[in-house]
Amino acid sequence: MNQFVKIAVGFLPMLGAALSTGAVENDMVQFDIRVNKPGADIAPTMYGLFFEDINYAADGGLYAEMIKNRSFEFPDRLMGWRSFGKVSVMDDGPFERNPHYVRLISPGHSDKRTGLDNEGFFGIAFMQDSTYRFSIWARQVSDKPSRLLVELIEPDADGESQVCGSVKIKVSSKEWKKYTAILKPDRTVAKGGRLRIFLDSPEGVDVEHVSLFPTNTWRGHENGLRADLATLLAETKPGVFRFPGGCIVEGTDLATRYQWKNTVGPVENRPLNENRWHYTFPRRFYPDYYQSNGLGFYEYFLLSEEMGAAPLPVISVGLACQYQNRNPEAHVPVDSLQPYIQDALDLIEFANGDTTTVWGALRAEMGHPAPFGLKYLAVGNEQWGPEYVERLTKFVDALRSAHPEIEIVGSSGPQSEGEQFDYLWPEMKRLKVDLVDEHFYRPEDWFLSQGARYDSYDRKGPKVFAGEYACHGKGYKRNHFNAALCEAAFMTGLERNADIVRMATYAPLFAHVEGWQWRPDMIWFDNLRSVPTASYYVQQLYGTYKGARVLPLSMDGKPVAGAADQHGLFASAALDESGHYIIKVANTSSEPREVKFNFVGMKKKASLSDVRIIYLRAADKRAENTLDHPDAVKPYETSAKISGHDFSAVVQPESFAVYIVR
Ligand code: AHR
């Protein structure tokens, strides 16, 4: 990977970081980096990803399906579809858990037509000369074969349909069968396209599970994930991958909690679930937001493996969302938790069990006989109170006894501090969970005041998983550069405390520009394009240059505290597997800072030879990347020859720089 724009040293010195020219007026700051005394190891899981189906992240997003309500299972059975002619919804279809389908009957007049068309997610978009796999389950209604005409449509400004690609499908059996065809549009339609299906014979036809995918998907998996979005994920070099939520795990009631068993096996028979984000914010109301579960637990484990990230599933602890549902029936009685615990045990079997086990056999049948190597399991999302602790206790007992090899992640509640947080941490220690999940969506000043957050954490208790965080700008909750800079500054504190902080994942991950409920988010997209935010680049820089061991460093002879009063500078240092020194510095002040990096403990005869500097800086603190202007904030790279045991550099005002030193 080499996605950073390269700039010769000195060519654009004021834009980002450069080696020192002595032109900075304020005092030079000296960082001493002790290279002969590496500290804690930095966990391979240190920086990763958290996926939740919010903002149309799955259906309409990463999951490349282009048809909405493909199985006619939305409560309004034809939501997303327009029907014409003789169309009826039936409910005795071939897929037990998705029983609805549609019957198309000839209207009996050659000028009348029967059929239906689908609006996709915010319209269907397709690219000229790309190929798309259409598939449909169908059967003849009578003894004679029937025919379908399938078209990709671009409605023009006058409302007249332009056909951009079409195919005919002969349905030649009274038994349900899957029919597949490739469509190749003759033009690009970025917005408002539709997929139209006409009954093209006097004989009727039953249709079910209507699907359209690009053939170009992540790693070429048929009917898989959007290649551009999955590639962006992989390019952050994630070490851990948390899934499927978030509040999605809990459900607003227990019936709508995330149930992993509904997300595996043939996609046609994975039952629909509501998406709680469709109604959470009344002013961002999306009544057509459901979970098809096409991106389910198999796809998740596979993607984790392909990206080299350790999977970290989150399962329901038997509590529906505690914010939204205080009814007694939203809590499974403690003595009735067994099915929930069994779900957790079965998930481990699905991931790791051998192929003679029930769930291991299903994994093999789906295409992956080898185990996925699951090592972590989070029980509950943002749960709190004694009701959480008493339920978690049951899970911990069962998991420890059946799977002592699995590391358990408990919750510290939804806040970064306060009553629940203070109650839960000691409880997590008492239960001896392995990691505690902390969440913080906080403003700039919080992030800048927390650089030393983990310096004083108890080293004997559970480790920390910063499972959801993002800087939510005060009065300006967008993906602006300054939010990313605050995150970068804060993350130096995670890295310096890598002995206790073992994982960190920004949240949320994805947002469709036309269908978001929550922002900021790491990656924005529409149906054809995607754009990494400034925060994405911070995550990518940390993931790519994470290092293997922490190197102790001091600033002007004092421990780096990650405090805003240290000239606005935040820093961490690490040693990577190749013996390179990696230094990260965020300058949150509005002054350039001349810094000297002094490598203490190098052998007398040894000498530094070169430094690569990758830096993020924007012309404006509020700069943000958009689909139309994706390059407002992006990393630049420069390099220089150095020698001896030190070198000096200017860290530009409001910038983040990573130095890779040899
Ligand atoms: O990331 C969005 C939401 O924030 C998550 O679902 C939840 O865990 C948190 O409150």
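Every position in the sequence shown, counted from 1, becomes a number in the working numbering once 1094 is added.
Don't be surprised by glycine CBs; every beta carbon is placed ideally from N, CA and C.
Treat the numbers as computed from the prediction; the structure is a model and nothing was measured.
Taking the C-beta atoms as reference points, residue 1547 is found no nearer than 8 angstroms to residue 1512. According to the DSSP secondary-structure assignment, residue 1532 is paired through a beta bridge with 1560. With a cutoff of 7 angstroms, residue 1149 does not count as near the ligand AHR, since its C-beta is closer than that to no heavy atom of the ligand. Note on geometry: alpha-carbon atoms of residue 1141 and residue 1328 lie some 12 angstroms from one another.
When DSSP states are grouped into helix, strand and coil, residue 1275 belongs to the strand group. For the ligand AHR, a non-hydrogen atom lies closer than 7 angstroms to the CB of residue 1533. In this structure, 1126 is the residue among 1126, 1558, 1526 with its C-alpha nearest to the C-alpha of residue 1695. Residue 1341 has its Cβ nearer than 7 angstroms to a heavy atom of the ligand AHR. Rounded to the nearest whole angstrom, the CA to CA distance from residue 1317 to residue 1390 is 13 angstroms.
Straight through space, the alpha carbons of residue 1619 and residue 1262 are spaced by roughly 32 angstroms. For residue 1212, the shortest C-beta to heavy atom distance toward the ligand AHR is 7 angstroms or greater. When DSSP states are grouped into helix, strand and coil, residue 1357 belongs to the helix group. With a cut-off of 7 angstroms, the C-beta of residue 1369 is classified as distant from the ligand AHR, since no heavy atom of the ligand falls inside that distance.
If you ignore the 5 residues before and after residue 1364, its C-beta comes within less than 8 angstroms of the C-beta of 1191, 1192, 1356, 1357, 1358, 1386, 1387, 1388, 1390, all in its own chain and listed in chain order.
Between the segment 1148–1157 and the segment 1594–1604, the count of Cβ pairs shorter than 8 angstroms is three or higher; the stretches touch.
Following the DSSP letters along the chain, one finds residue 1679 inside the beta strand (DSSP E) bounded by residues 1675–1681.
For residue 1495, the enclosing alpha helix (DSSP H) starts and ends at 1479–1496. The Cβ atoms of residue 1220 and residue 1246 sit closer than 8 angstroms to each other. At a threshold of 7 angstroms, residue 1475 counts as near the ligand AHR, since its beta carbon sits closer than that to one of the ligand's heavy atoms. Distances between the C-beta of residue 1612 and the heavy atoms of the ligand AHR include at least one below 7 angstroms. When DSSP states are grouped into helix, strand and coil, residue 1454 belongs to the helix group. Between the segment 1461–1476 and the segment 1363–1380, the count of C-beta pairs closer than 8 angstroms stays below three; the two stretches do not touch. Segment contact: the segment 1674–1692 against the segment 1742–1755, three or more CB-CB distances shorter than 8 angstroms; contact assigned. In this chain, the beta strand (DSSP E) harbouring residue 1299 covers 1299–1308. If you draw a straight line from the Cα of residue 1286 to the Cα of residue 1162, it comes to about 13 angstroms. In this structure, residue 1628 sits away from residue 1584, with a CB-CB distance that is not shorter than 8 angstroms. Annotated as proximal: residue 1394 and residue 1337, with beta-carbon spacing under 8 angstroms. In this structure, residue 1582 has its beta carbon at no less than 7 angstroms from each heavy atom of the ligand AHR. Exposure of residue 1671 is indicated by the presence of fewer than 16 other C-beta atoms within 10 angstroms of its C-beta. Its chain contains 1196, 1197, 1199 as the residues whose beta carbon lies nearer than 8 angstroms to that of residue 1182, once the 5 sequence neighbours on both sides are disregarded; these appear in chain order. In the three-state scheme derived from DSSP, where H, G and I count as helix and E and B as strand, residue 1717 is classed as coil.
In this structure, the beta-carbon distance from residue 1211 to residue 1290 falls below 8 angstroms. Within 10 angstroms of the beta-carbon of residue 1274 lie fewer than 16 other beta-carbons, which makes it exposed. In this structure, residue 1409 and residue 1455 do not form a Cβ contact; the two beta carbons are roughly 21 angstroms apart against a cut-off of 8 angstroms. Nearest in C-alpha terms to residue 1639, of all of 1673, 1549, 1353, 1663, is 1673. Excluding its 5 nearest sequence neighbours in each direction, residue 1298 has C-beta neighbours in its own chain below 7 angstroms: 1197, 1198, 1199, 1200, 1235, 1236, 1240, listed in chain order.
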